[in-house]
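Number of protein chains: 2
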Amino acid sequence: ERVNKMLEKKKELGGGEEKPGKFVLKTGKGTRDYGPAQSALRNSVLQNVVETFNKYGAETIDTPVFELRDVLMGKYGEEGGKLVYDLQDQGGELLSLRYDLTVPFARYLAMNKITNITRYQIAKVYRRDQPVMSRGRYREFYQCDFDIAGQYDLMLPEAECLGIVNELLTKLEIGEFFINLNHRLILEGMFAVSGISPKDFKTICSSVDKLDKTPWAEVEEEMIKEKFLTKEQTSKLGELVRFRELNSNLNNLELLEKMSALPELGQNEKFKKGAEELKVLIGYLEVDGVTTVRYEPSLARGLDYYTGAIYEAVAPKALEGTAAEKAEDTAGQPVGVGSVAAGGRYDGLVNMFDSKLKVPCCGVSFGIERLFAIMEARQKSAVRTTQTEVYVASAQKNMVIERKKLLRTLRAAGIKSEMPLKANPKLLTQFQYAEERRIPLVVLIGERELQEGIVKLRNVVSREEKDVPLDSLVSTIRDTLAAL
Amino acid sequence: ERVNKMLEKKKELGGGEEKPGKFVLKTGKGTRDYGPAQSALRNSVLQNVVETFNKYGAETIDTPVFELRDVLMGKYGEEGGKLVYDLQDQGGELLSLRYDLTVPFARYLAMNKITNITRYQIAKVYRRDQPVMSRGRYREFYQCDFDIAGQYDLMLPEAECLGIVNELLTKLEIGEFFINLNHRLILEGMFAVSGISPKDFKTICSSVDKLDKTPWAEVEEEMIKEKFLTKEQTSKLGELVRFRELNSNLNNLELLEKMSALPELGQNEKFKKGAEELKVLIGYLEVDGVTTVRYEPSLARGLDYYTGAIYEAVAPKALEGTAAEKAEDTAGQPVGVGSVAAGGRYDGLVNMFDSKLKVPCCGVSFGIERLFAIMEARQKSAVRTTQTEVYVASAQKNMVIERKKLLRTLRAAGIKSEMPLKANPKLLTQFQYAEERRIPLVVLIGERELQEGIVKLRNVVSREEKDVPLDSLVSTIRDTLAAL
């Protein structure tokens, strides 16, 4: 009976593909290997990410993959907390895999009493979520976080974060994207004038946040039936959180102005403060040339720790026209991948670890796995998986020592080079290998040529060959590579 | 009583620093954060590693941080198996953190039926070992693995692996190092002629492997008292495994020749095969110019899966004369960090996952954490933690918009630049920031200058300033940076 119960639970949790007793060769549910082609693509994306972070003056840090369980507990809300992977108690400390990079960052600041740092961190995080691999939703996935910690002036750090989002998404050519922007105090103000109790803040946020994918009628029904709001409350709230939708002709500042002019909301202190702050930010973004930001009063991100501006970048059409769009399990869903970057201000998180330490922070996290999925789908030609410049081949048998000697010369000169690891490889096989791997040059050695002190240098694409004296081989190769 | 038992167990396992009930701000035992300075150093080391792997034609892959428990089980011997971190059973699959990158690599090959790949992988692995942080021994640490899988000719892959070890350790300037070399069949042969039963192979290996740190008398005593060998057996074995020590005037080939001339050992089929193979390898290494390899019959690496040549690089004096040498907890120990790279041939591992698939493999894994510890100790000047080229400062108040405009121009031109995120920063503070961060240039804007269309460009080191017209600022900065 206990076994049955366990099997049932297993099935429920969705991890039950494996047959008991039979060893199945697979990776853990919701995780995947990156083969050479995927790794090469991923590394080229990550290189862009790192370059952008460096351009904005960030340092980098790294933290362990697991944290003491107490560090993570109570930071992600009820929903998030359930998704944390715990390590088994094998004696010693109770540990959990990190759920994001923000809480470990705050722990790092508090532990080292750092009050001032602009850092990025690129690392994998872990969530026991329901995976949707075709859309880049995994249980193990990369996050690329950029955060500014320190006492700075109003909205200047936020402008840097949004500048990075705008610059990186533009650079990656993922297609049209928007950065939705809102403010926690604006949400609190709208809820207050709708007569919603502060204790319902989180749960109503989670309903409102669905408005990007779900029609208002459904969201309203959920709030009435499951969260026990009255029709009066939801009507009022609906007019406010749908303000952009209902006034689609207005720009960001006009929307804020018009909301500020509403008799009740315009008098709410929280709303006023939030709206004033966003106006400052929107002003800065104009100076910075960031035109993709969209004030969206229905944006209500789930995490507990945000205290000010919040933002989320979406690329709703990023997969349009790609093979991924036609994939079975995306049928009927919008042709996007959800949020590709998100963040906000969290002034209280460090304080949770050290009550004497106040370190205001804001940051942004890129859902880089989703960006990989987009890049993979939109990719026109595969990235090379090696960087080999020269392949050292031989025409006759028993040339392995000669090939090795030549390889040594090339490598000593810093030229990336390989040779077949067989004593007597076939010439055609060697040429095919170089072509498949897109190695640009082949050095072909033969006994007679070596006696004369020359080798053949072959351009793999054009298949042109020329004799090159051994003593000028390195410089000829360098010139040829530079001219490719 | 149960609590007491648990506390006792906790103490026993060495993880009991935290007082129950009190929240201690720390990382998990045996793990550490990398701050900006350490990360910068680490990244510069890793860049060398990746460049070397690329130079030898490797692709890269990535695998999840955890594997199904069944994948890891039975691969690391009794000792290793105890050190695996298990994830808690939260429903679904039973998972464990990876212990190395080799077994996941073999799983990847078997799962994808890949018979041919040269790949590197750089990732963290996890062992519930007793940490010695000052010598770079952690519970979470990086491994950098390079492996050649595929049916190739004798010892050509091994020569590539040892070439990489030699090249990378030379490049990193860690001081004198050696690569000890042995062969599993030589070990088996020596044990056989000493009358040691094959079933004792592993346990006797683990004793013999201590000879690099422990005198023969102690090792012999252990084998007699704990492993029940006779004095006759150990005497015979001692003459063989200490063959280098006892014949220190001989080179690698001479040692192998002399051992091959021993009446009993020279007739042992296993020894003969192992010795023949190593002779081929030693011949190749001479052609490749790898002179740091030392045939060492006492090298007996612990992992079960090796089938042929095995090797291990050591840097016994790497910490000599550094502050780390004087650190308290290294007192009385040799001034080294143990093995900095190790590997060998493992022809049977893929086969364990797929009985129909035979993929011969050999590889090497760099204990990069130990290399970091060496680099940290030997480092003369700190690596810069940011790449910022220009700091945009202002002399007067209320210039934030002007600074932002200039910053936008610089960043649009691809120049890595920052500005103070304060409305009215002090001039001195700005100059100090640039000096501390070693940012080479400061652009200083003032109201009057802006009206005239100029800014001041300051060389932070020389403190020289010159007026530069705004419309040639970008090109002047590029020229100045190029000339630094």
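Protein chains in written order, with my numbering: chain A, 1 to 484; chain B, 485 to 968.
Ideal Cβ placement from N, Cα and C applies to all residues, glycine included.
Consider the C-beta atom of Gln574 of chain B and the heavy atoms of the ligand NAD; say whether any pair is separated by less than 7 Å.
The ligand content of the structure shown is nil, which means the ligand NAD is not present either.
For Tyr779 of chain B versus Leu740 of chain B, is the C-beta spacing smaller than 8 Å?
Start at 1 with the first residue of the second sequence, and residue 779 of chain B comes out as number 295. Start at 1 with the first residue of the second sequence, and residue 740 of chain B comes out as number 256. The answer is yes: Cβ separation under 8 Å.
Within-8 Å CB hit, Arg370 of chain A to chain B
Within the first sequence, the letter at position 370 stands for residue 370 of chain A. Not closer than 8 Å to any Cβ of chain B, the Cβ of Arg370 of chain A fails to qualify, so no.
Given Asp329 of chain A, which residues of its chain have a CB within under 6 Å of its CB, disregarding the five upstream and five downstream residues?
Translated into positions along the first sequence, residue 329 of chain A becomes position 329. Interpretation of Asp329 of chain A is limited by its pLDDT of 49, a score under 50 that renders its predicted location unreliable; no figure is taken from the coordinates.
Neighbourhood of Pro953 of chain B by C-beta, 8 Å cutoff - its chain only, sequence neighbours within 5 removed
Along the second sequence, one-based indexing puts residue 953 of chain B at 469. Closer than 8 Å at the Cβ level, and outside the excluded window around Pro953 of chain B, lie Gly937, Ile938.
Ala486 of chain A versus A:Val460, A:Leu68, A:Thr409, residue with shortest Cα-Cα distance:
The structure shown does not extend to residue 486 of chain A, since chain A is modelled only from 1 to 484, so the question has no answer here.
Which term fits Arg932 of chain B, buried or exposed, when burial requires 16 or more other beta carbons within 10 angstroms of its beta carbon?
The sequence position of residue 932 of chain B within the second sequence is 448, counting from 1. It counts as exposed.
I'd like to know if the region 190-200 of chain A and the region 224-236 of chain A are in contact, where contact means that at least 3 CB-CB pairs between them fall below 8 Å.
Using a C-beta cut-off of 8 Å, the region 190-200 of chain A makes contact with the region 224-236 of chain A, since at least three inter-stretch Cβ pairs fall below that distance.
Measure the alpha-carbon distance for Asn600 of chain B versus Thr776 of chain B and round it to whole angstroms.
In the second sequence, residue 600 of chain B corresponds to position 116, counting from 1. In the second sequence, residue 776 of chain B corresponds to position 292, counting from 1. Spanning the two alpha carbons is a distance of roughly 29 Å.
With 8 Å as the threshold, decide whether the Cβ of Arg668 of chain B is near any Cβ in chain A.
Residue mapping note: residue 668 of chain B aligns to position 184 of the second sequence, counting from 1. Not a single C-beta of chain A is nearer than 8 Å to the C-beta of Arg668 of chain B.
Who are the neighbours of Thr60 of chain A on chain B, taking C-beta pairs under 7 Å?
In the first sequence, residue 60 of chain A corresponds to position 60, counting from 1. Neighbours of Thr60 of chain A across chain B, judged by C-beta separation under 7 Å: Pro520, Ser523.
Assuming Arg345 of chain A is part of the beta strand (DSSP E), what are its boundary residues?
Residue numbering aside, residue 345 of chain A sits at position 345 when the first sequence is read from its first letter. Start and end: 339-345.
Neighbour list for Gly558 of chain B in chain A, Cβ cutoff strictly below 9 Å
The count along the second sequence starts at 1 and reaches residue 558 of chain B at position 74. Around Gly558 of chain B, no beta-carbon contact reaches into chain A at under 9 Å, the shortest distance being about 11 Å.
Taking Cβ-Cβ distances shorter than 7 Å, what residues in chain B pair up with Lys55 of chain A?
Locating residue 55 of chain A in the first sequence gives position 55, where the first residue counts as 1. In chain order, Arg895, Lys900 make up the part of chain B whose C-beta sits under 7 Å from the C-beta of Lys55 of chain A.
Can you tell which of B:Asp573, B:Ile545, B:Glu543, B:Ala590 has the C-alpha that lies nearest to the C-alpha of Cys846 of chain B?
By one-based count along the second sequence, residue 846 of chain B stands at place 362. Of the candidates B:Asp573, B:Ile545, B:Glu543, B:Ala590, the one whose C-alpha sits nearest the C-alpha of Cys846 of chain B is B:Ala590.
Using a beta-carbon distance below 8 Å, is Ala857 of chain B in contact with chain A?
Counting from one through the second sequence, the residue named residue 857 of chain B turns up at place 373. Chain A places no beta carbon closer than 8 Å to that of Ala857 of chain B, leaving this residue out of the contacts.
Quick one: is Tyr346 of chain A near chain B, going by C-beta distance under 8 Å?
Position 346 of the first sequence, counting from 1, holds the residue named residue 346 of chain A. In terms of beta-carbon proximity, Tyr346 of chain A stays away from the interface with chain B, with every pair separated by 8 Å or more.
Any residues in the region 131-144 of chain A with a beta carbon nearer than 8 Å to a beta carbon of chain B? Which ones, in chain order?
From the region 131-144 of chain A, only Glu140 have a Cβ closer than 8 Å to chain B.
Using Cβ-Cβ distances below 9 Å, what residues of the region 107-120 of chain A are close to chain C?
In the displayed structure, chain C is absent; the protein chains listed are A and B.
What do you get for Ile670 of chain B, buried or exposed, if any count of 16 or more other CB atoms within 10 angstroms of its CB means buried?
Along the second sequence, read from residue 1 onward, the residue named residue 670 of chain B stands at position 186. By the neighbour-count definition (other C-beta atoms within 10 Å, threshold 16), Ile670 of chain B is a buried residue.
I need the DSSP call for Phe228 of chain A, collapsed to helix, strand or coil.
Numbered from 1 along the first sequence, position 228 holds the residue referred to as residue 228 of chain A. In the structure shown, Phe228 of chain A sits in coil (DSSP, three-state: anything other than H, G, I, E or B).
Just the Cα atoms here: how many angstroms apart are Lys940 of chain B and Asp147 of chain A?
Position 456 of the second sequence, counted from the first residue, corresponds to residue 940 of chain B. Position 147 of the first sequence, counted from the first residue, corresponds to residue 147 of chain A. Their Cα atoms are separated by approximately 30 Å.
Neighbourhood of Glu158 of chain A by C-beta, 6 Å cutoff - its chain only, sequence neighbours within 5 removed:
Counting from 1 along the first sequence, the entry for residue 158 of chain A is found at position 158. Cβ neighbours of Glu158 of chain A within its own chain (closer than 6 Å, five residues either side excluded): Leu281, Ala309, Cys362.
Mind checking Gly541 of chain B: buried by the 16 CB within 10 Å criterion, or exposed?
Residue numbering aside, residue 541 of chain B sits at position 57 when the second sequence is read from its first letter. Buried.
Along chain A, in chain order, which residues have C-beta atoms closer than 9 Å to that of Tyr569 of chain B?
Your numbering for residue 569 of chain B matches position 85 in the second sequence. Ordered by position in chain A, the residues that pass the 9 Å Cβ test against Tyr569 of chain B are Phe66, Leu87, Gln88, Gln90, Leu95.
With distance defined between alpha-carbon atoms, name the residue in B:Pro615, B:Arg553, B:Cys628, B:Arg621 nearest to Val848 of chain B.
For this step, residue 848 of chain B is matched to residue 364 along the second sequence. Cα-wise, what sits closest to Val848 of chain B is B:Cys628.
If the criterion is Cβ atoms closer than 8 Å, does the pair Arg623 of chain B and Tyr610 of chain B meet it?
Counting from one through the second sequence, the residue named residue 623 of chain B turns up at place 139. Counting from one through the second sequence, the residue named residue 610 of chain B turns up at place 126. Contact annotation: Arg623 of chain B and Tyr610 of chain B have beta-carbon atoms nearer than 8 Å.
Could you please tell me which residues of the region 856-889 of chain B, in chain order, have their CB closer than 8 Å to any CB of chain A?
Taking 8 Å as the Cβ-Cβ cut-off against chain A, the residues of the region 856-889 of chain B that qualify are Thr869, Thr870, Gln871, Thr872, Val884, Ile885, Lys888, Lys889.
If you measure from the beta carbon of Val777 of chain B to each beta carbon in chain A, is any gap under 8 Å?
Here residue 777 of chain B refers to the residue found at position 293 of the second sequence. With 8 Å as the cut-off, Val777 of chain B does not count as an interface residue toward chain A.
Would you list the residues sitting across from Arg778 of chain B in a DSSP beta bridge?
As a working mapping, residue 778 of chain B is identified with position 294 in the second sequence. For Arg778 of chain B, which the question treats as bridged, DSSP gives the partners B:Asn664.
Identity of the residues DSSP links to Lys456 of chain A by a beta bridge
As a position in the first sequence, residue 456 of chain A is number 456, starting the count at 1. Lys456 of chain A is bridged by DSSP to A:Leu444, A:Asp467.
Give a yes or no on whether the minimum CB-CB distance between Thr480 of chain A and chain B is below 8 Å.
As a working mapping, residue 480 of chain A is identified with position 480 in the first sequence. Output row for Thr480 of chain A: interface = no.
Is it the case that the Cβ atoms of Glu465 of chain A and Gly512 of chain B are separated by a distance below 8 Å?
Within the first sequence, residue 465 of chain A is the residue found at index 465, counting from 1. Within the second sequence, residue 512 of chain B is the residue found at index 28, counting from 1. The Cβ atoms of Glu465 of chain A and Gly512 of chain B do not sit closer than 8 Å to each other.
Between Ala799 of chain B and Ile858 of chain B, how many whole angstroms is the CB-CB distance? I'm expecting something under 8 Å.
Locating residue 799 of chain B in the second sequence gives position 315, counting from the first residue. Locating residue 858 of chain B in the second sequence gives position 374, counting from the first residue. The Cβ separation is near 7 Å, so the contact holds.
For Gly499 of chain B, which residues from the same chain have a beta carbon less than 7 Å from its beta carbon, with the 5 sequence-adjacent residues on both sides left out?
Counting from one through the second sequence, the residue named residue 499 of chain B turns up at place 15. Confidence at Gly499 of chain B is low in this model, with a pLDDT of 41, below 50, so the placement of that residue should be treated as unreliable; the coordinate-derived value is given next. Beyond the five residues adjoining it in sequence on each side, Gly499 of chain B comes within less than 7 Å, by CB distance, of Lys513 in the same chain, given in chain order.
Alpha-carbon to alpha-carbon, Gly35 of chain A and Ile598 of chain B
Here residue 598 of chain B refers to the residue found at position 114 when the second sequence is read from its first residue. Here residue 35 of chain A refers to the residue found at position 35 when the first sequence is read from its first residue. Each residue's Cα considered, the two are about 11 Å apart.
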